[in-house]
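Residue numbers (the working numbering), protein chains in the order written: chain A, 1 to 350; chain B, 1001 to 1480.
We treat Cβ as the ideally placed atom computed from N, Cα and C, and that holds for glycine.
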């Protein structure tokens, strides 16, 4: 038994050591949908001066071509590219943006003037996702530390904290000791489609269903739509949450998790050093606004663009513009983009 | 709980640790631990079916005792009928009721234009029911035939029926083989345990790297045969052949390897069936525990080959049709069984079905041209039959076959496969080189290479498993 366990543990230890070394020295692939567009952006960086980062809400709600034309009418030249990525956690979006900043710092020509980064609270990793590359590729030591502090500041009980963090621990282990330097995943048949009709990274949900070559993807998007159609009240509940949050909003009511605030402040500072004006975007239809309000209170006023208040933007919560509970159809994306442009122009002229 | 899941990767070391370190001094406790672990393992799918499993186990245990203790032949037979009737009743109810109800209604409509409204059941198929029912049946048959005496220890008997490595998809064990192992104290054996781990690794490779990747290509072809050329459909069918082999034999390897970690030897279920030179050899190498079950408990009782040619032909058709039907409540499985019966018939009629008993090209690296030709023909026939097995209906299978034999059969197949052909070829080479062993990489330790290379091989396999393990795919044979 001793021989068996010794050899088994030795083999596991060898695998772990080799993988740690290779994971550190070799590039690790991340989210395919982000990576393919990011690669294109890097090759064509001179064409763009504005970037959108965030989750699927950013991807589905920000139409770069429309944003550019609206700004142009007010004498502001933007050439935007959308890097929003489905199923992103907020921390994952921050990590993607930071990766861009690090790469951009190494380039000679500095064309990027504006960046928009979606902010929202961080939630737990679902167990079934934790073993997917998407679930762990970004959970390095620094991000794990963020997660632990973040939930510590939000959750009092040790058990509750552990429930939120356990899958992140596991994701960190997979990130560190997995065979992540190997990327043998099949090519995504929708890589070209995901670049968008205008090659600006934006594609609406309707166009994706029409154009996707992936059966699974079509099925998934249709399923989401059917689920929403079966319970459209979910949107009313989201609207009610937002209405209540905005109506009862009191300035400096609560403090944002310090680690979250510090990360955003760091990103502002780092962006400024590279000549980029970073704006944080608060999207509609979030499941809660308390933390976002706290961040808004703590960050410089001109660094936040909020497009979420149902009292001011009721059309963003209208059923006709909704694809599902969290996302807009193209018609809704047009409205979000128009509001974003309007607020951007106001900030710009201040 | 799937063998290729994180939960099993946690479950197995815990049970292993408790088994060898905490309960190692008592056989009773070890058996009890394995039984409770097996019930927990099963309850991870649906705890409600535990009652069915427990009832079925008790029924066969009690019937076995009654058959053994009954003095009159009438009572012995009565208890056998009770046990077999109830077991097959459950199997029929859960697995075949909807099929028969629908088929009867369809027949009434076609024959008499009468719309019969039979209600179908909206029930889940209890996982592994076909397997544990057959475990129990073999036990009562063997007692009835006076081949064994019944177990008098309910825990030991329950463990024989529900030992977790074989509970949901076999191999279908025999009381003569497994029960004595359950009854005897087991000592830890380094070589056996190391061998078990190696077999688990190979099983995971077959399942995750080969079967799950082949499944993606096969699914494309079978779900949209209209969109692919004849040659691409051939590729799709071949990929399904590798999918089902990698899936089921991979499961069996994991089951056998896991059992070895606990000191048990389970029945071998696969012996490189795609290297068979005729269909009879294929069936001696494919799902061996089921084939031998049908041979012992159906073919021989029907008279086997002792009643002349017509009886032999009839019995051969019966076991293949029943075997097909055992796989699922769909006519496609029956046709699949029937096709295999047709394919095997020449060798039955000309009595050449026991010609190729030894491994192909034994002691040689390469087969000769004749052997190669025989293997290709046999493989082609099995692939053809697999089309019916995989298709959703007989109509779909015929549509698929028509698609194959179209003008585009000789065109270059355009179906996305990535590096799958490389993986399949690599897999075939390893299987070929290891075809005389219990499983393909069994004797890797005996190859005279530095241990670094051997560990490098394990490392490469683990890497491929990890890379392709993103999505836990359910094993095909779980549905049976």
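Cutoff 8 Å: residue i Cβ touching any chain A Cβ
| i | result |
| --- | --- |
| residue 1003 (chain B) | no |
| residue 1202 (chain B) | no |
| residue 1008 (chain B) | no |
| residue 1467 (chain B) | yes |
| residue 1194 (chain B) | yes |
| residue 1205 (chain B) | no |
| residue 1188 (chain B) | yes |
Minimum C-alpha distance to residue i - residue among the options
| i | options | result |
| --- | --- | --- |
| residue 348 (chain A) | A:78, A:202, A:30 | A:78 |
| residue 1133 (chain B) | B:1094, B:1102, B:1259, B:1456 | B:1094 |
| residue 48 (chain A) | A:288, A:37, A:211 | A:37 |
| residue 1004 (chain B) | B:1065, B:1096, B:1201, B:1384 | B:1201 |
| residue 27 (chain A) | A:175, A:113, A:214 | A:175 |
| residue 55 (chain A) | A:305, A:286, A:297, A:310 | A:286 |
| residue 1146 (chain B) | B:1239, B:1080, B:1433, B:1160 | B:1080 |
| residue 1151 (chain B) | B:1131, B:1168, B:1174 | B:1174 |
| residue 325 (chain A) | A:86, A:181, A:233 | A:233 |
| residue 121 (chain A) | A:101, A:80, A:164 | A:164 |
| residue 1277 (chain B) | B:1469, B:1343, B:1434 | B:1343 |
Inter-residue spacing [alpha-carbon to alpha-carbon] between residue i and residue j
| i | j | result |
| --- | --- | --- |
| residue 69 (chain A) | residue 312 (chain A) | 24 Å |
| residue 1099 (chain B) | residue 1325 (chain B) | 11 Å |
| residue 1449 (chain B) | residue 1164 (chain B) | 36 Å |
| residue 316 (chain A) | residue 1043 (chain B) | 46 Å |
| residue 152 (chain A) | residue 1006 (chain B) | 27 Å |
| residue 1055 (chain B) | residue 1158 (chain B) | 10 Å |
| residue 1195 (chain B) | residue 1260 (chain B) | 8 Å |
| residue 142 (chain A) | residue 259 (chain A) | 11 Å |
| residue 1348 (chain B) | residue 1402 (chain B) | 30 Å |
| residue 1072 (chain B) | residue 1082 (chain B) | 16 Å |
| residue 1430 (chain B) | residue 1424 (chain B) | 10 Å |
| residue 1279 (chain B) | residue 1387 (chain B) | 16 Å |
| residue 213 (chain A) | residue 1415 (chain B) | 13 Å |
| residue 1440 (chain B) | residue 1209 (chain B) | 15 Å |
| residue 1013 (chain B) | residue 1020 (chain B) | 10 Å |
| residue 45 (chain A) | residue 111 (chain A) | 7 Å |
| residue 1408 (chain B) | residue 1237 (chain B) | 15 Å |
| residue 1222 (chain B) | residue 242 (chain A) | 47 Å |
| residue 1383 (chain B) | residue 1461 (chain B) | 27 Å |
| residue 1199 (chain B) | residue 1258 (chain B) | 8 Å |
| residue 1321 (chain B) | residue 1244 (chain B) | 19 Å |
| residue 1366 (chain B) | residue 1340 (chain B) | 28 Å |
| residue 1061 (chain B) | residue 1153 (chain B) | 9 Å |
| residue 300 (chain A) | residue 268 (chain A) | 10 Å |
| residue 1481 (chain B) | residue 1103 (chain B) | Here chain B has residues from 1001 to 1480 only, and residue 1481 (chain B) is not among them. |
| residue 183 (chain A) | residue 335 (chain A) | 39 Å |
| residue 1184 (chain B) | residue 1027 (chain B) | 8 Å |
Proximity test, Cβ basis, 8 Å: residue i and chain B
| i | result |
| --- | --- |
| residue 182 (chain A) | yes |
| residue 3 (chain A) | yes |
| residue 131 (chain A) | yes |
| residue 201 (chain A) | no |
| residue 15 (chain A) | yes |
Residue i beta carbon near the ligand GDP (any heavy atom closer than 7 Å)
| i | result |
| --- | --- |
| residue 155 (chain A) | This structure lacks the ligand GDP; in fact it carries no ligand of any kind. |
Partner residues on chain E for residue i, Cβ-Cβ distance less than 8 Å
| i | result |
| --- | --- |
| residue 179 (chain A) | In summary, chain E is missing from the structure at hand, where the protein chains are A and B. |
Practice prompt. Residues of the segment 1012-1030 of chain B with a CB closer than 7 Å to any CB of chain A: list them in chain order, please.
Written response: Correct list: 1020.
Worksheet item: Which runs of the alpha helix (DSSP H), 4 residues or longer, sit entirely within the segment 179-251 of chain A?
Response: Fully enclosed alpha helix (DSSP H) runs of no fewer than 4 residues occupy 191-194, 205-211, 215-230, 233-247 of the segment 179-251 of chain A, in order along the chain.
Worksheet item: Fully enclosed by the segment 128-161 of chain A, which alpha helix (DSSP H) runs are 4 residues long or longer?
Response: Here the runs fully enclosed are 133-136, 141-154.
Discussion item. So if I threshold CB-CB distances at 8 Å, which residues from the segment 1042-1072 of chain B count as touching chain A?
Written reply: Against chain A - using a Cβ distance shorter than 8 Å - the segment 1042-1072 of chain B contributes no residues.
Worksheet entry | Contacting positions in the segment 99-133 of chain A - beta carbon closer than 7 Å to chain B | Under the 7 Å Cβ criterion, the segment 99-133 of chain A contributes 131, 132, 133.
Fill in: In chain order, each alpha helix (DSSP H) run of at least 4 residues that lies wholly inside the segment 3-53 of chain A
Listed in chain order, they are 32-43.
Practice prompt. Please list the residues of the segment 1304-1321 of chain B that have a C-beta atom closer than 8 Å to any C-beta atom in chain A, keeping them in chain order.
Written response: When CB distances to chain A are screened at a threshold of 8 Å, not a single residue of the segment 1304-1321 of chain B falls below it.
Discussion item. Output needed in chain order: residues of the segment 7-35 of chain A with a Cβ under 8 Å from some Cβ in chain B.
Written reply: Hits within the stretch, in order: 7, 8, 11, 14, 15, 18.
Item to complete: Scan the segment 1249-1295 of chain B and note each continuous alpha helix (DSSP H) run of 4 residues or more that stays entirely inside, going in chain order.
Response: Within the segment 1249-1295 of chain B, the complete alpha helix (DSSP H) runs of at least 4 residues are 1279-1285, 1288-1294.
Fill in: Interfacial residues, the segment 1434-1464 of chain B to chain A, with Cβ spacing under 9 Å
Those would be 1455, 1458, 1459, 1462, 1463, 1464, in chain order.
Item to complete: Mind listing, in chain order, the continuous alpha helix (DSSP H) runs of no fewer than 4 residues lying wholly within the segment 1125-1162 of chain B?
Response: Considered as a whole, the segment 1125-1162 of chain B harbours 1129-1144, 1154-1162 as its complete alpha helix (DSSP H) runs of no fewer than 4 residues, in chain order.
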